[in-house]
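Accompanying notes for the structure given below.
2 protein chains.
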Amino acid sequence: MPAPLLAARAHRIQPFHVMALLARARELEAAGRGIVHMEIGEPDFPTAEPVVAAGQRALADGHTGYLPAAGLPALREAIARHYADRYGLDVDPQRILVTPGASGALVVALALAADPGRNVLLPDPGYPCNRNFVELVDALPRAVAVGPDDDYQLTPALAETAMDETTAALVVGSPGNPTGTLATAESLQGLAALAAHHRATLIVDEIYHGLQYGREPAQALAHAPEAIVVNSFSKYFGMTGWRLGWMVVPEAWATPAEKLLQNLFISASAPAQYAALACFGEAAQEIFEARREAFRQRRDFLLPALRALGFRIPGEPAGAFYLYADVSGLTDDSFAFAGDLLERSGVAATPGLDFERTAPQRHLRFAYTTSLPQLEQGVERLAAHLASG
Amino acid sequence: MPAPLLAARAHRIQPFHVMALLARARELEAAGRGIVHMEIGEPDFPTAEPVVAAGQRALADGHTGYLPAAGLPALREAIARHYADRYGLDVDPQRILVTPGASGALVVALALAADPGRNVLLPDPGYPCNRNFVELVDALPRAVAVGPDDDYQLTPALAETAMDETTAALVVGSPGNPTGTLATAESLQGLAALAAHHRATLIVDEIYHGLQYGREPAQALAHAPEAIVVNSFSKYFGMTGWRLGWMVVPEAWATPAEKLLQNLFISASAPAQYAALACFGEAAQEIFEARREAFRQRRDFLLPALRALGFRIPGEPAGAFYLYADVSGLTDDSFAFAGDLLERSGVAATPGLDFERTAPQRHLRFAYTTSLPQLEQGVERLAAHLASG
Ligand SMILES: Cc1ncc(COP(=O)(O)O)c(C=O)c1O
Ligand SMILES: Cc1ncc(COP(=O)(O)O)c(C=O)c1O
């Protein structure tokens, strides 16, 4: 019997190439090698104790059932207060929808915005799943090369050149993955104006908001009020494995977004939503800020150390926990380089292949999601690795 | 400024009409009325104590990070053992992928199976989200009317008439929602053969497996080995709000399915996966079986009681926790009837509108997800309601 036909999108969707590297790293570790992990896009801290305790209480209290599709009302209100407290913004809780991670929010955002065959602008390099969310709904990912000159952000000038009458959406991230750079307020305003002109949707992924170490990132809701803004409890709030995020949509889209959430997810995790309420308490906020300080110290160590070894990192990556290095002075194939670095020297980093189409072979992403002593050891190993050529 | 264009699918996707009814029921309750809830598709039992305890331990142990996209290996193995123990089937854990609920599994299954513009056969009445999962990927839901003659199940004969060369998939549920009926082994075999002939994918939703009160439902993996089988920890295992399910895919589709899971969800909830391990322990299994017995008693009470009142429920609904009644002897508009029943008599049930296109006005779904005393009160109220005309 011939097998069933796999939909074309399943062929177009790419796996994460770093997974093979991660598997190999685990193999080496199982064989007794110590590996310095700089490939992982997840904070190395467990969920903060007050949040864990709130989760345990939620379970004890029997909060194990489906919740409203748009989220626990108390959590939507807490997120609204967060916008008020942190950004001085008045956001109607009705516009805030709780989702299974930023991942769930991005799926819904693109399902709302992109008809099949329309194109979606994505900065290149960028977060690899975005292209695949676009593929899911059979729209066309359109990579727009960004680089050091634009601080690796999609600017209005770049977007204008790439947009046409079939552009359905633009997806930007600030602070960005894999580069850690920020979009400026002017850029967000310009992108919003362009999107409005084309009746396209601007989607701003703010999952790394809170993790910034110098300038504050501009808040899209202030500069692009019609944008869909995506966020998550995964990174700053340290809740990756709980699968919880949110999206803020323009008022007119709250009902369609809720309809999609209802159908696709029924609701986001109940214990996670109750636990997340504790993220806005003082005890948790102190922990988050202490962790942010730890990330800052790591960045402040790693950035000059890598530069001194010949990794070119332009500008000042001001947020997230990534440094995106141009390795063209050291190798002409970052993928082979990453494999060799792991095998010979026990350092794992993610090659550009997962993030970009423009010049993947020139780039390597280092995540500072491991302790300072580990990072120090990583840098030592890198130095020895390069010296041994 | 004109607003961004909403994708066409967002107009096609229907909300759950029962939500308005549920909101009204809550309003009445807030005003002091006692409502008998027979509209809710969720067990009224909280998650079983051993599962809650395992969840709390997982949190204490710091299992709060992302997990592998395909699921915790120990959980995939536990599910494989479940197929061995319960059905005598040998299923390779590599074919088992853990998902955020059956919902996540159905999204992935349809994304794998259905190219835009191809059609997907859905029994009508059926689970309302299926149509919308099909809309998400811009395939065409094709409702196939099923009724008492087919035990409300899609038969090979019905499927054959409805299929054509653009059929991408067939989605059936057994035990089914909203009817509680089972697909026979012969039917599953016949559907599998038809699917193979058309190179289409058979998707079998077994979320209500375990909740059966007479005959055992046929296991699709035994009779349709190339099918995608979807299941969940929500219903029999009582973990709705944790958002955890799984899918079993043919070997050749394990890699594409994993790729989709990786991108769409990163991973399913970590605390939920650790907690779910306890579902296969003896303590939890005893609780599940006791709950099943409670559901059986409720069904055994409710089925004859409703019939005595003039609700026509054909055949023997042998599973899930639903009775799907033909109300055409009592009203010619089940939607208005449900509204009136709630307002005047304080009984909530779900009109056919959410489940079918064929004859929604003729049908009403009663869920026995509330206690026997509540059901007794519901039946009394129904009797009085009908008597008062
Ligand atoms: C830029 C960006 N957006 C979204 C996500 C999805 O995260 P989550 O679904 O855990 O919120 C990630 C995860 O790494 C990310 O880096
Ligand atoms: C037939 C059927 N399939 C799938 C689902 C989705 O359930 P979950 O995502 O909680 O596993 C439901 C929920 O009611 C259902 O009734």
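Just so you know, the sequences run in chain order G and Z.
Oh and the first sequence: position 183 is 255 in the numbering used here, straight run, nothing missing.
Oh and the second sequence: position 162 is 234 in the numbering used here, straight run, nothing missing.
We put the CB at the ideal spot given by N, CA and C, even for glycine.
On a predicted model such as this, the values are computed, not experimentally measured, just so you know.
### Query
Out of curiosity, what's the CA-to-CA distance linking H295 of chain Z and Q261 of chain Z?
In the second sequence, counting from the first residue as 1, residue 295 of chain Z sits at position 223. In the second sequence, counting from the first residue as 1, residue 261 of chain Z sits at position 189. About 5 Å.
### Query
Does the Cβ of D277 of chain Z lie closer than 8 Å to at least one heavy atom of ligand 2?
As a first step, residue 277 of chain Z must be located in the second sequence, where it is residue number 205. True, at least one ligand heavy atom lies under 8 Å from that Cβ.
### Message
Once the 5 residues before and after K307 of chain G are set aside, which same chain residues still bring their CB inside 7 Å of it?
### Response
As a working mapping, residue 307 of chain G is identified with position 235 in the first sequence. Around K307 of chain G: P115, I279, Y280 and L283.
### Pair within 9 Å by beta-carbon distance, A272 of chain Z and L77 of chain G
Within the second sequence, the letter at position 200 stands for residue 272 of chain Z. Within the first sequence, the letter at position 5 stands for residue 77 of chain G. Result yes, Cβ atoms of A272 of chain Z and L77 of chain G sit closer than 9 Å.
### Task
Examine chain Z for any beta-carbon lying closer than 9 Å to the beta-carbon of A82 of chain G, and answer yes or no.
Residue mapping note: residue 82 of chain G aligns to position 10 of the first sequence, counting from 1. At least one chain Z Cβ lies under 9 Å of A82 of chain G.
### Pairwise C-alpha distance: S246 of chain Z and S304 of chain Z
Counted from its first residue, the second sequence places residue 304 of chain Z at position 232. Counted from its first residue, the second sequence places residue 246 of chain Z at position 174. Cα to Cα, S304 of chain Z sits roughly 13 Å from S246 of chain Z.
### Message
For A92 of chain Z and W318 of chain G, what's the separation of their Cα atoms in angstroms?
### Response
Residue mapping note: residue 92 of chain Z aligns to position 20 of the second sequence, counting from 1. Residue mapping note: residue 318 of chain G aligns to position 246 of the first sequence, counting from 1. Roughly 23 Å between the two C-alpha positions.
### Task
Check each residue of the stretch 168-201 of chain Z: if its Cβ is closer than 7 Å to any Cβ of chain G, include it; give the result in chain order.
P172, G173, S175, V179, A183, L184, A185, A186, D187, P188 and C201
### Task
Could you have a look at M319 of chain G and say whether DSSP puts it in helix, strand or coil?
Indexing the first sequence from 1 puts residue 319 of chain G at position 247. Residue state, collapsed to three classes: strand.
### Message
By the three-class DSSP mapping on this structure, what secondary structure does A431 of chain G have?
### Response
Your numbering for residue 431 of chain G matches position 359 in the first sequence. In the structure shown, A431 of chain G sits in coil (DSSP, three-state: anything other than H, G, I, E or B).
### Task
For E111 of chain Z, verify whether its CB is less than 8 Å away from any heavy atom of ligand 2.
Counted from its first residue, the second sequence places residue 111 of chain Z at position 39. Result no, Cβ not under 8 Å from ligand 2.
### Query
What are the residues that DSSP puts in a beta bridge with V244 of chain Z?
For the purposes of this step, residue 244 of chain Z is identified with residue 172 of the second sequence, where counting begins at 1. Answer by DSSP bridge pairing, in chain order: Z:V276.
### Message
Can you look up I168 of chain G in the DSSP assignment and give me helix, strand or coil?
### Response
As a position in the first sequence, residue 168 of chain G is number 96, starting the count at 1. I168 of chain G: strand per DSSP, three-state reduction.
### Query
Would you report the Cα separation of Q291 of chain G and Y159 of chain G, rounded to the nearest angstrom?
Counted from its first residue, the first sequence places residue 291 of chain G at position 219. Counted from its first residue, the first sequence places residue 159 of chain G at position 87. Their Cα atoms are separated by approximately 7 Å.
### Task
Measure the Cβ-Cβ separation of R315 of chain Z and G143 of chain Z and say whether it is below 9 Å.
Within the second sequence, numbered from 1, the residue matching residue 315 of chain Z stands at position 243. Within the second sequence, numbered from 1, the residue matching residue 143 of chain Z stands at position 71. Cβ distance not < 9 Å, so R315 of chain Z and G143 of chain Z don't count as in contact.
#### Entry: Under the three-state DSSP convention, the category G176 of chain Z falls into
Walking along the second sequence from the start, residue 176 of chain Z turns up at place 104. G176 of chain Z: helix per DSSP, three-state reduction.
### Query
Hey, does Q128 of chain Z have any beta-carbon neighbour from chain G nearer than 9 Å?
Counting from 1 along the second sequence, the entry for residue 128 of chain Z is found at position 56. Taking Cβ atoms only, chain G reaches closer than 9 Å to Q128 of chain Z, which makes this a yes.
### Task
Give the secondary structure of I107 of chain G by DSSP, where H, G and I count as helix, E and B as strand, and everything else as coil.
Taking the first residue of the first sequence as 1, we reach residue 107 of chain G at position 35. Here I107 of chain G sits in coil by DSSP.
### Within chain G, the residues that H135 of chain Z reaches when beta carbons sit closer than 8 Å
For the purposes of this step, residue 135 of chain Z is taken as residue 63 along the second sequence, with counting starting at 1. Here the neighbours are G313.
### Message
Quick check: L332 of chain G and L208 of chain G, are their CB atoms within less than 9 Å of each other?
### Response
For this step, residue 332 of chain G is matched to residue 260 along the first sequence. For this step, residue 208 of chain G is matched to residue 136 along the first sequence. Result no, Cβ atoms of L332 of chain G and L208 of chain G do not sit closer than 9 Å.
### Query
When DSSP builds the beta bridges, which residues end up paired with V123 of chain Z?
Position 51 of the second sequence, counting from 1, holds the residue named residue 123 of chain Z. According to DSSP, V123 of chain Z bridges with nothing at all.
### Query
Hey, is W318 of chain Z's beta-carbon within less than 9 Å of any beta-carbon in chain G?
Taking the second sequence and counting its residues from 1, the one referred to as residue 318 of chain Z is at position 246. Answer no: the Cβ-Cβ gap between W318 of chain Z and chain G never drops below 9 Å.
### Cβ of S400 of chain Z within 9 Å of any chain G Cβ
Translated into positions along the second sequence, residue 400 of chain Z becomes position 328. It does not: the Cβ of S400 of chain Z has no partner Cβ on chain G nearer than 9 Å.
### Query
Can you tell me where the beta strand (DSSP E) with N303 of chain G in it begins and where it stops?
Against the first sequence, residue 303 of chain G aligns to sequence position 231. Looking at the DSSP string, the run of the beta strand (DSSP E) that includes N303 of chain G is I300 to S304.
### Task
Compute the distance between the beta-carbons of L274 of chain G and A264 of chain G, then report whether it is under 9 Å.
For the purposes of this step, residue 274 of chain G is taken as residue 202 along the first sequence, with counting starting at 1. For the purposes of this step, residue 264 of chain G is taken as residue 192 along the first sequence, with counting starting at 1. Yes, these two residues count as a Cβ contact at 9 Å.
### Query
Considering only residues of the same chain and omitting the five flanking positions on each side of V90 of chain Z, which have a CB-CB separation below 7 Å?
Locating residue 90 of chain Z in the second sequence gives position 18, counting from the first residue. Only E111, T422 and D426 meet the Cβ criterion.
### Task
Can you say whether D223 of chain G is buried or exposed, counting buried as having 16 or more other CB atoms within 10 angstroms of its CB?
Your numbering for residue 223 of chain G matches position 151 in the first sequence. So D223 of chain G ends up on the buried side.
### Task
Please state whether DSSP places L425 of chain G in a helix, a strand or coil.
For this step, residue 425 of chain G is matched to residue 353 along the first sequence. L425 of chain G falls in the helix class under three-state DSSP.
### Task
Leaving aside the five residues before and after F337 of chain G along the sequence, list all residues of the same chain whose C-beta is less than 8 Å from its C-beta, in chain order.
Sequence index remark: in the first sequence, residue 337 of chain G carries index 265 (1-based). A141, T171, P172 and G176, listed in sequence order.
### Query
How is the beta strand (DSSP E) around Y396 of chain G delimited, first residue to last?
In the first sequence, the residue the question calls residue 396 of chain G occupies position 324. Per DSSP, Y396 of chain G belongs to the beta strand (DSSP E) from Y394 to D398.
### Query
Within 10 angstroms of its Cβ, does G137 of chain G collect 16 or more other Cβ (buried), or is it exposed?
One-based indexing of the first sequence puts residue 137 of chain G at position 65. When all chains shown are included, G137 of chain G counts as buried.
### Query
Looking at the unbroken alpha helix (DSSP H) that takes in V206 of chain Z, where does it start and where does it end?
Locating residue 206 of chain Z in the second sequence gives position 134, counting from the first residue. Its alpha helix (DSSP H) spans residues P200 to L208.
### Query
Straight-line CA distance for P197 of chain G to L230 of chain G?
For the purposes of this step, residue 197 of chain G is taken as the residue at position 125 of the first sequence. For the purposes of this step, residue 230 of chain G is taken as the residue at position 158 of the first sequence. Using only the alpha carbons, I get a separation of about 14 Å.
### Task
Determine which residues of the stretch 257-274 of chain Z have a Cβ less than 9 Å from any Cβ of chain G, and write them out in chain order.
A265, A267, A268, H269, H270, R271, A272, T273 and L274
#### Entry: Contact test: L283 of chain G Cβ vs ligand 1 heavy atom, cutoff 8 Å
Position 211 of the first sequence, counted from the start, is the residue given in the question as residue 283 of chain G. Result no, Cβ not under 8 Å from ligand 1.
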